[in-house]
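Working notes, beginning with the structure itself.
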Amino acid sequence: MFPNADINFSTLSNFQFIDWAIVGCYLSISLVIGIFVTRYATSMTAYIGAGRSVGPWLGVATMTGTEMGLITVMYMAQSGFSGGFAAFHMAVIAGVGTLLVGVTGFIVVPLRAEKVLTIPEYYEKRFGTPARITGGIILSTAGILNMGLFLQVGAKFIVGATGLSFEGTALMVVMTVLLILVLVYTVLGGMISVILTDYIQFVVLSFGIVITTFLAINKIGIGEMYTAIARGMGEAGFNPMAENGEFGISYVLFQLFAAGIVGCAVWPTAVSRALAMESPRAVKKQYTISAISFTIRFLIPMFWGIAAYTYFTNSSQEITEMFIGNNAIQDAGLYAMPAFMGQILPTGLLGLIVAAMIAAFMSTHDSYLLCWSSVLTQDVVAPIARSVSHKDLSNKKRITLTRIFIVLIGVFIWGWGLFYEGNDSIWNYMVITGSIYATGAIVVLVGGLYWERASSMGAMVALITGASAVLGLEPVRNFLIENTGGVIGLDVDYWKANITSSIVGLFSLGLTTFLFVTISIIFPDPAADENKLVQGDESHA
Numbered sequence: 015m016f017p018n019a020d021i022n023f024s025t026l027s028n029f030q031f032i033d034w035a036i037v038g039c040y041l042s043i044s045l046v047i048g049i050f051v052t053r054y055a056t057s058m059t060a061y062i063g064a065g066r067s068v069g070p071w072l073g074v075a076t077m078t079g080t081e082m083g084l085i086t087v088m089y090m091a092q093s094g095f096s097g098g099f100a101a102f103h104m105a106v107i108a109g110v111g112t113l114l115v116g117v118t119g120f121i122v123v124p125l126r127a128e129k130v131l132t133i134p135e136y137y138e139k140r141f142g143t144p145a146r147i148t149g150g151i152i153l154s155t156a157g158i159l160n161m162g163l164f165l166q167v168g169a170k171f172i173v174g175a176t177g178l179s180f181e182g183t184a185l186m187v188v189m190t191v192l193l194i195l196v197l198v199y200t201v202l203g204g205m206i207s208v209i210l211t212d213y214i215q216f217v218v219l220s221f222g223i224v225i226t227t228f229l230a231i232n233k234i235g236i237g238e239m240y241t242a243i244a245r246g247m248g249e250a251g252f253n254p255m256a257e258n259g260e261f262g263i264s265y266v267l268f269q270l271f272a273a274g275i276v277g278c279a280v281w282p283t284a285v286s287r288a289l290a291m292e293s294p295r296a297v298k299k300q301y302t303i304s305a306i307s308f309t310i311r312f313l314i315p316m317f318w319g320i321a322a323y324t325y326f327t328n329s330s331q332e333i334t335e336m337f338i339g340n341n342a343i344q345d346a347g348l349y350a351m352p353a354f355m356g357q358i359l360p361t362g363l364l365g366l367i368v369a370a371m372i373a374a375f376m377s378t379h380d381s382y383l384l385c386w387s388s389v390l391t392q393d394v395v396a397p398i399a400r401s402v403s404h405k406d407l408s409n410k411k412r413i414t415l416t417r418i419f420i421v422l423i424g425v426f427i428w429g430w431g432l433f434y435e436g437n438d439s440i441w442n443y444m445v446i447t448g449s450i451y452a453t454g455a456i457v458v459l460v461g462g463l464y465w466e467r468a469s470s471m472g473a474m475v476a477l478i479t480g481a482s483a484v485l486g487l488e489p490v491r492n493f494l495i496e497n498t499g500g501v502i503g504l505d506v507d508y509w510k511a512n513i514t515s516s517i518v519g520l521f522s523l524g525l526t527t528f529l530f531v532t533i534s535i536i537f538p539d540p541a542a543d544e545n546k547l548v549q550g551d552e553s554h555a
């Protein structure tokens, strides 16, 4: 049995004054970097693309720093805590998917060769301005909603690890301080500061991962973890396709799309690194190497979640009931891992690890804020302004607009994180909101890059149809089932239990693909028709 503790977060943590000092020093360094690099953000390309001068190794570091953000650590730890070793299937899918993208250059290499700054900019280049504006609106809406819970989840980690009260104003105060810090250096330095701080955060995070994993194994033992999962979850703790388990067949199939392809080759915050690389060759090298980090970013947090489950299962009855069972605290799966870390890590080292996790939090936030604000500027406001005034926005105006959007988005996610009350798990929420954009985007990108007959009308229909993935959100899904089922006499409870977000996502992807191909064939672009006629005349000549 592991040591007992009172039911109180303050006594579940070894976090002391020295740890706060360590965290404060780290955050101060990040702020200084943001202020220092302001002088280099003189153009839009430099501000959001780092001048397209990022080498493969720095690219690997900054992509890892961003993609293994604290939100990733938290929702994957939650998956390990609730799903056991069966959750590892997502790590395998993510790693193999990234490796295949790196080896083949699928999507990212031809996209980098187009020399665009954002994905909707490619839409315009291939399908026209309406596609760019529509894609930009859908992308930014989905992206901002997708990061809407980041602040809340990140603050819950800090509350759990440091022993702050999970009731009262502590959560709001932590969210506010973190957001202000991220806003300051992201607004000032753009992608240059993001990449520099990502590199530092990559180093700190790597150290934190190794130490925490070693201590977890030393404290718990892999054999004890296996025993606890087998006893508490049975087959479902090892087989992701087991009946009545946490996942299921449709879930695994949808992860092939969400974790395997979208996460590395379509999601803009990952693709923005490819667009900032010095050459298409460097892009392939970056992704091939990053396959390891894409696996680790899922695998290690899941392992921590399993360790936390084992630890609290073997604690006193009071502690066990605090995190496991029907009487567990709200969001117990999110609080469990940081509370576990707060107990096994000694004072001093705990401060370093929390600094590493805050680094991961900041890394994700700076990249996401910069990504969505630049999409609004480059792909929505700028094209509209150009069509109205017949003049392009200056670099100065674009940078100013982007900075304004960064602040506005920051304020929105602060409020959304405080007041949103949804029943979806964090990972499901993120997959669904991300699919609002990604479902249409992957179809349009693949079609545009690899199929000559892809048409503008097909692209527009695909982008709009892809947004139907929002129906996978539990409140929306249940609302439709309850109202439709009541009218036509369906067994509402049965359909609620069997129509999952994964099934909705797979249906949306299939429908979007079908309509894109069909509409492109029925309504080809005029240029495509002309080329076909020219080719026909030449063959008769």
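Residues in the sequence shown are numbered consecutively from 15, following our numbering. Glycine included, every Cβ here is placed at the ideal spot set by N, Cα and C.
Backbone CA spacing between V117 and G94 [nearest angstrom]: 29 Å
I358 versus S330: straight-line alpha-carbon distance, rounded: 16 Å
Beta-carbon proximity check, L270 vs G168, cutoff 8 Å: no
Reduced DSSP secondary structure (H/G/I, E/B, other) of M90: helix
Chain-order list of residues whose beta-carbon lies under 6 Å from that of A175 (same chain, five-residue window excluded): P352, M355, G356, V368
Same chain, Cβ closer than 6 Å to G222, neighbours up to 5 away in sequence not counted: I367, A370
Three-state secondary structure (DSSP) of N28: coil
Which of helix, strand or coil DSSP assigns to P540: helix
Same chain, Cβ closer than 7 Å to P538, neighbours up to 5 away in sequence not counted: R467, S469
Alpha-carbon spacing of V198 relative to W441, whole angstroms: 28 Å
Alpha helix (DSSP H) segment containing S304, residue limits: 294-327
Collapsed DSSP secondary structure at M355 in the structure displayed: helix
Rounded Cβ spacing between V196 and M376 (contact assumed at less than 8 Å): 5 Å
Burial state of E257 (16 or more Cβ within 10 Å): exposed
Beta-carbon proximity check, A8 vs A321, cutoff 8 Å: Nothing can be reported for residue 8, as the shown portion of the chain is limited to 15 through 555.
Within 8 Å, strictly: CB atoms of L463 and I243: no
First through last residue of the alpha helix (DSSP H) which encompasses Q331: 331-337
Pairwise C-alpha distance: A305 and V46: 32 Å
DSSP three-state assignment for M444, whether helix, strand or coil: helix
P315 burial status per 10 Å Cβ neighbour count (16 or more: buried): buried
Residue interval of the alpha helix (DSSP H) (run including R126): 122-127
8 Å Cβ cutoff met for S401 and T143: yes
Rounded separation between F326 and C385 - CA only: 39 Å
Segment limits, alpha helix (DSSP H) that includes P144: 143-160
Endpoints, alpha helix (DSSP H) assigned at A242: 236-247
Distance CB(G347)-CB(Q92) smaller than 8 Å: yes
Backbone CA spacing between Y349 and E138 [nearest angstrom]: 44 Å
Within 8 Å, strictly: CB atoms of V394 and S154: yes
Cut-off 6 Å between Cβ atoms - residues of its own chain near T226, not counting five sequence neighbours on either side: I367
Which of helix, strand or coil DSSP assigns to P489: helix
Beta-carbon proximity of T302 to L163, cut-off 8 Å: no
Chain-order list of residues whose beta-carbon lies under 7 Å from that of I423 (same chain, five-residue window excluded): I158, L383, W386, S387
A483 - containing alpha helix (DSSP H), residue span: Neither: A483 is in no alpha helix (DSSP H) and is coded neither H nor E.
Residues near P254 in its chain [Cβ-Cβ closer than 6 Å; skip 5 each side]: A100, H103, F261, V266
Environment of F31 [buried if 16+ CB atoms lie within 10 Å]: exposed
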